[in-house]
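So the structure is just underneath, and the comments pick up after that.
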């Protein structure tokens with residue numbers, strides 16, 4: 458009987474120990490995962506969109522600039538002259554279109570009417586004279602030459618009257634719709650040309666697209682540069698990004714949004730950040746999963762955003778990234 462109770466006691470103790478160990482494993486914090494990488498290198502070559510002579514450069518190598526800060530400018534005189542000329546062409550096109558919309562002036566219509574009346578009077582007079590001489594022709598009082606001259610005057614007077622009538626009708630009708638459409642298109646073309654000239658003039662000032670540090674200054678004031686030619690190389694440091702790598706067996710232990718701690722050699726400060734993205738494709742070789750041993754050679758790129766950067770971290774600097782709360786390894 459004593460042996461029986463002793464065996465039961467041993468079993469109970471074993472169960473208590475197993476339960477305690479399980480509870481301890483559940484309550485134990487998840488082990489941290491350390492990744493290795495470097496500060497991401499983000500550079501952009503900056504140049505003027507238009508060509509010209511550099512009038513001045515505002516920054517030098519090593520200067521920190523904010524987004525939108527002026528870096529340099531070209532001599533704006535040639536482009537300003539072109540801009541003024543395009544604006545004058547636009548004003549001319551607009552005035553011409555306004556003239557077409559307004560139509561004929563009342564004075565022009567009245568003038569055409571008076572010219573028509575005069576030509577009608579001249580025709581009536583020529584026609585009357587021709588009829589008179591035609592009546593005198595049988596008696597020999599009018600020569601054949603005079604009769605032909607009177608007939609020619611009548612024909613010329615009729616043609617002049619018809620021409621004056623057509624001119625009067627045009628003045629009353631105003632301009633054709635096709636002419637108005639052409640004038641409107643000329644205004645659109647002049648507007649586009651003036652807008653482009655204004656854009657080119659504004660592009661004589663080079664500004665920083667993002668905050669960062671000037672890495673190189675390739676040209677100097679007085680130099681003639683072509684459109685797009687590199688004048689500055691800017692390193693973009695905000696937001697500060699890290700590029701780390703996680704091995705394929707540890708891929709399931711991390712996820713975007715997880716908090717991380719960042720350490721760099723020679724810097725006592727511990728930086729904080731979050732995992733922003735994990736690459737969907739493996740890097741390095743082999744890229745296809747074949748055996749268990751080869752899977753360990755696959756790594757995935759991880760992008761980390763540092764929330765409290767300072768000037769101590771430099772692009773390309775090696776860092777270690779400690780993932781807080783990583784899931785247990787397999």
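Numbering (our numbering), first residue to last: 458 to 787. Note that CB positions come from ideal geometry on N, CA and C, so glycine has one too.
- Beta-bridge partners assigned by DSSP to residue 495: 700, 775.
- About 7 Å separates the CB atoms of residue 720 and residue 776; that is less than 8 Å, so the two are in contact.
- Collapsing the DSSP output to three states places residue 582 in a helix.
- Comparing alpha-carbon positions, the option among 634, 767, 671, 673 lying closest to residue 559 turns out to be 634.
- Two segments are said to touch when three or more pairs of C-beta atoms, one from each, lie closer than 8 Å; by this definition the region 641-659 touches the region 537-555.
- Taken in chain order, the complete alpha helix (DSSP H) segments of 4 residues or longer contained in the region 627-697 are 634-659.
- Judged by DSSP in its simplified three-state form, residue 592 adopts helix.
- The criterion of a C-beta distance shorter than 8 Å is satisfied by residue 569 and residue 628.
- Cβ neighbours of residue 607 within its own chain (closer than 6 Å, five residues either side excluded): 586, 587, 590.
- Contact check for residue 662 against residue 530 passes: the beta carbons are separated by less than 8 Å.
- At the C-beta level, residue 739 and residue 713 stay beyond 8 Å of one another.
- Classified as exposed, residue 564 has fewer than 16 neighbouring CB atoms from the shown chains inside 10 Å of its CB.
- Nearest neighbour of residue 659 by Cα position, chosen from 501, 507, 730, turns out to be 507.
- With distances taken between CA atoms, residue 773 lies nearest to 701 out of 727, 701, 600, 726.
- For residue 506, the three-state secondary structure derived from DSSP is coil.
- Linking residue 499 to residue 676 through their CA atoms gives a straight-line distance of about 21 Å.
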